[in-house]
Structures are given as C-alpha cells and as structure tokens.
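Residues -39 to -1, 1 to 478 in mature numbering (1 follows the signal peptide of the UniProt record, and there is no 0) are what the sequence shown lists, from first letter to last.
Each remark here refers to the structure printed beneath this line.
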Amino acid sequence: MCSRRWSHSLSKRPLMARLTSAGTTTFIALLMSSTAVMADVTPEQVWESWQKQYSAYGFTVTPGAVERDGDVLTISDLVLTNESTTTIGTDRQVSKTVLTVPAILLEDLGDGTVEGTVEGEITGDNDTTDATGKTETAKITIDKTDASVVISGTPEEMSYLIDAPEISASIEAQPSTPGAQPALLGMTLTGLAGTQTMTSVGGQGTKADLTAEAMALTMTGSDPEDATTIDATIDMQDLAIKGDSLMPEGADAAELGDAIAKGMRTNSALSYGALSYTMSSKTKTGPVSLSGSAESGQAIIAFSREAVRYSATGSKTKIDIQTTDFPQPMSATIDQGEIDFAMPLSAKAEPQPFTSKVSLIGLAVSDQVWKMIDPTEKLVHGAATLIVDLTGTGKPLVDLFSPAAAASPVPPVQIDSLNVNQLQLTAAGAELTGAGALTFDNATATPIPLGSIDLKLSGANKLMDGLVAMGVMPQDQVMFAKMMMGMYAVPAGEDLFTSKIEFKEDGHILANGQPIK
C-alpha cells in the first residue's frame, strides 16, 4: 500500500526524455510531499482537491472509474496526460507525458481525516519531439513500499502527514539509434517523513517540511557513435527539504513566462549531510574513473515575478580521478565552496538589489598533481582560495520573463551601483585582495563608473621568478610586468604592493593618481 501523494507530486512536472539534471530534480519533486489544521475532510473532497492540483500544473485527469464502497473511495485506472511546447530561439520541442495509476484508495478514518494510498506501480511514457521531427521516448516507473499519508484540514487547506519507508523511481530513455542500449536514471528515497500543506485559495499553493534518511541516484548509458559508456552513482544522507510554492488561478504551467507574470512563485531549500559519488566511463582512449565526497551541503532555489535566486554551498569536498594518461590517482579537496546568485526580474522605476558570489576556500591538490605542474618545486604548494563577492543595485528595463526580453540580443538590464565586498585570489604563494564601491551614470550610451577600488598584491615577484625558473614565463615578460607594477602600484613592504583605482566623472581612470584611461 502506497501514498497517492507521490503520484500527486509526480503530476507537477513532466519527465524529460533525456537523462539530465532536470530529470533528477523531477524525481525529487515527484517523491516529496506536510502541518495539520484539524477539521473534517471527506474522501470526495480530497479527490476534488487533487484534480484541481493536477489541472493547475497542466495535466488532464481521466479516471477509469470513481466508486464509493463503505468508507473507501476508489479511483481506478487513472490516466494523467500533459502536453507542452518549449521554444528557445529556433529550437522547438513538444513533450507529451502520460502516466497511469492503477488505483488510488481514499479511506475515511472516521475522525475527520482521510488516509490515501496507491495500489500497484505507477507507470508512464514521455515522448519529446524536436523541430526536425526526431522523437525520443522515455519510460517512467514509480514504486513505493508501505508508504502512507493521512490528510486532515479543510477543503480549502489540506494537510498531509507523510510516512514512507522507501520510494523508488526510474526513467529509461529509449535510444533513437538502432541497436543502442537504453539510458537509465534511477532514484531511491528511504525514511521519508514530514508534513505538507495544500491550499486552494487564489490558486494552488504548497508548503512542505520533510526529512529523509537517505537518497541514492544511479545512472547508466552509452553513446553509440563513439562507444563511450558511463556508470554513475550518488548517495546522500540526512536530507531536509523545505518549500513554499504557488500556482495562481488562470496561470498556464506550460507557459512559464505567463505563469510567472500572473504570480507563480517557489522558494525551496534542500540540505544534506554526507554525500559520496562515483563515476566510471569507458572511452576510445581508455577507462576513466572518478569518485568524491562532501561532508554536507545546501541548495536554495527561489523565483517569483519580482526576483530569482540560486544558492549552493558544500563543505569538505573531495574528488579523485584516474585515467589512462594519468594512471596514478589524482585528487583535490575544497574546504568550503559557495555560489550565490540573485537578481531582479521585474521592470521597476527604482533600482533593486542583486548578488553575485563565488567562493572556493582551501582548494588543495595532491602531490601527484604538483609533480606534473611543478616537478622541481619552484612554487609554493599551498592551498588556493578564490572569493568574488559582489552586491549592488540594478533594474531590468523590461520584465525578464516577457517575450521582449527573450527577443533582446543582450540582457536588457541596467546596473546602478556595484559593491566589491571582497575580492581574493590566493595561489602559489601570491595573493591579490580588493574591495571598493562604484556607482554608474547611465545617461550615456556607455555607462560611466564613479568610485574607487583598493587592491593589495603580495608575493607576485616571488611567483614570477618561480615561473621563469620553471621555463613557463620568459624573463622579458617578467621584467615588463614588474615595470608596470612600479608604475601603477605603491610598494608597501617586501614583495607587497597596494593600488587605488579611481573612476572619475569625466570617464578617466587613475591608479594611485596615474592616468590609465
């Protein structure tokens, strides 16, 4: 007996024929599900709510039969169909997904709550046809063991209590090339529990607060053109998923721009504990193997008609790789990695905040890598760090989800201010740091910056001398670089230089008072 909740989540996003990260994201959404407002709901009210949810996300709902027998409402041979068209430039794809659910059982528990289960395996097909008429087909399977969901609340706000010891799903992409092997993508989720709330006021809303003990992903495939094969696994522990989304009334889920303009929004966060992965591949040049791990991580995805944000962090990341050309295993570690990107989407009169941050702290490579790069040890073999932390304000000149934005050859965005909160590049014994702030005069065709950035550089002379000793950098280029540092930087100690870059109202750029432009 299994929760119908999983089939409900399945309906929210069409599965893709190709095995991409979008497929993995679909699996997660597919298998997720949330807080109780105690009141009375009936099986018929639950079924009506689910039909509205399916329709809101672009699915046609066709049950074979809907029958009440005592306390149980049975929906038999349910078919969910979704068709959508995606156009990017001249590339046009038509996708059709058909899912079949053998039976959904909704049982009135007699206390104002309803238990929902699914009997049998959910199966389906996805056909994706491109502009040339080429069609790729994928087979979909969803399987659950002893999963259960108890629904409470009101017809306008239903709450789901989830308990699923194990859920699995798979996509089998059928090759378009005769004789080729199908590509397989699978996921198994264990120990899923938590709550989810579904609302129907002003649209179809969802709030989720879930945890899972573990998630395992597998992928196998081959390229018939060059006989390359791939076999990959990802294992994650201690997952937590929180989300809040809304599909407003009248919005078409297949038309993303239109849906966002009408108020579609989502804000979801996924965190995990220990992560490990492996990948083995056979290529024309020989086998390749890759493995890695991370201590923990988190990802945040949020968008609305106002703004979009993507953020990801990872701690204590390690990667090992071995190839025919490099039979000795090579490895790298990163103490902390972070990406954070946020920007406004709506055209407004006033500038809106944006963020752009990339951070790799403590990037270290193994001795085998250093022996290839610097066998005579002329450089400092310490860990590297890269930090670019920018914030500022700007505004789209048109709504970025509109057809006008899609037709624009360049992003129609105006930058009004830029803060360089932190700039750091540390590598091979040298370090460049910086910080500053700029504003922009957008009255002219080319925006004019105004402000300053302070820079500090240490260890550059020693690094360049090491590169000369390695034969990587010619002596005359080093002498020219040192001469330029003497012109535009101020000595502040042994192998230490500072520089103040100023941007003036007349468009001139100065370095420590010396004109650059």
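We put the beta carbon where it would ideally sit given N, CA and C, even for glycine.
{"query": "Is it right to say Ile65 is buried, meaning 16 or more other beta carbons lie within 10 angstroms of its own, or is it exposed?", "result": "buried"}
{"query": "Would you mind stating whether Val33 and Gly77 have Cβ atoms separated by less than 7 Å?", "result": "no"}
{"query": "For Ala263, collect the residues of the same chain with a Cβ closer than 6 Å to its Cβ; drop the 5 residues on either side in sequence, then sort them by chain order.", "result": "Asn228, Arg270"}
{"query": "Mind checking whether Ile112 and Val40 have CB atoms under 7 Å apart?", "result": "no"}
{"query": "Just to confirm my understanding: we take Arg(-22), look at its own chain, exclude 5 residues before and 5 after, and list those with CB closer than 6 Å. What are they?", "result": "With a pLDDT of only 42 at Arg(-22), under the threshold of 50, the placement of this residue in the model should not be trusted; the figure read from the coordinates follows. Counting only Cβ-Cβ distances below 6 Å, and skipping sequence neighbours, we find nothing."}
{"query": "With C-beta atoms as the reference, is Ser250 less than 7 Å away from Gln283?", "result": "yes"}
{"query": "Tell me whether Ala108 sits in a helix, a strand or coil according to DSSP, three-state version.", "result": "coil"}
{"query": "Would you report the Cα separation of Asp107 and Ala173, rounded to the nearest angstrom?", "result": "15 Å"}
{"query": "Alpha carbon to alpha carbon, what distance is there between Gly447 and Gln476?", "result": "Gln is not the amino acid found at residue 476; the sequence shown has Pro there. If I take the Cα positions, the gap works out to 14 Å."}
{"query": "Can you look up Thr(-14) in the DSSP assignment and give me helix, strand or coil?", "result": "Low confidence applies to Thr(-14): its pLDDT is 41, below 50, so where it sits in the model is not reliable, and the reading given next is rough at best. Helix, per DSSP."}
{"query": "Is Pro185 buried or exposed, if buried means 16 or more other CB atoms sit within 10 Å of its CB?", "result": "exposed"}
{"query": "Based on DSSP bridge pairs, tell me the residues matched to Met148.", "result": "Ala130, Leu178"}
{"query": "Check whether the Cβ atoms of Val59 and Asp91 lie closer than 7 Å to each other.", "result": "no"}
{"query": "Secondary structure at Ile295, three-state DSSP: helix, strand or coil?", "result": "strand"}
{"query": "Cα-Cα, which of Thr35, Thr156, Ile322, Pro435 is closest to Gly25?", "result": "Thr35"}
{"query": "Opposite Ile280 in the DSSP bridges: which residues?", "result": "Gly253, Ala293"}
{"query": "Measuring CB to CB, does Thr189 end up less than 7 Å from Thr239?", "result": "no"}
{"query": "For the ligand GDP, is there any heavy atom lying closer than 6 Å to the beta carbon of Val326?", "result": "As presented, the structure is devoid of all ligands, the ligand GDP included, so that no description of it is given."}
{"query": "May I have the straight-line CA-CA distance separating Gln198 from Ile280, to the nearest angstrom?", "result": "18 Å"}
{"query": "Would you grab the beta carbon distance between Gly147 and Ser131 for me? Rounded to a whole angstrom, and I think it's under 8 Å.", "result": "4 Å"}
{"query": "Taking the straight line between their C-alpha atoms, what separation do you get for Asp467 and Lys443?", "result": "29 Å"}
{"query": "If you draw a straight line from the C-alpha of Thr354 to the C-alpha of Glu127, how long is it?", "result": "46 Å"}
{"query": "Using the three-state DSSP reduction, which class does Pro336 fall into: helix, strand or coil?", "result": "coil"}
{"query": "How would you write the range of the beta strand (DSSP E) that Asp69 sits in, first residue to last?", "result": "52 to 69"}
{"query": "Report the residue ranges of all alpha helix (DSSP H) runs contained in full by the region 412 to 455; include only those spanning at least 4 residues, in chain order.", "result": "421 to 431, 436 to 449"}
{"query": "Within 10 Å of its beta-carbon, does Asp360 have 16 or more other beta-carbons around it, so buried, or fewer, so exposed?", "result": "buried"}
{"query": "On a Cα-Cα basis, can you pick out the residue from Ala125, Glu311, Leu321 that is closest to Asp301?", "result": "Leu321"}
{"query": "May I have the straight-line CA-CA distance separating Gly155 from Ala260, to the nearest angstrom?", "result": "19 Å"}
{"query": "Have a look at Lys309, Gly323, Gly73 and flag the residue whose alpha-carbon is nearest the alpha-carbon of His342.", "result": "Gly323"}
{"query": "With 16 as the cutoff for other CB atoms within 10 Å, does Ile470 come out buried or exposed?", "result": "exposed"}
{"query": "Pick out whichever of Ala389, Ser307, Pro372, Ala472 has its Cα sitting closest to the Cα of Ala450.", "result": "Ala472"}
{"query": "Quick one, which of Met208, Asp124, Thr179 has its alpha-carbon nearest Leu171's?", "result": "Asp124"}
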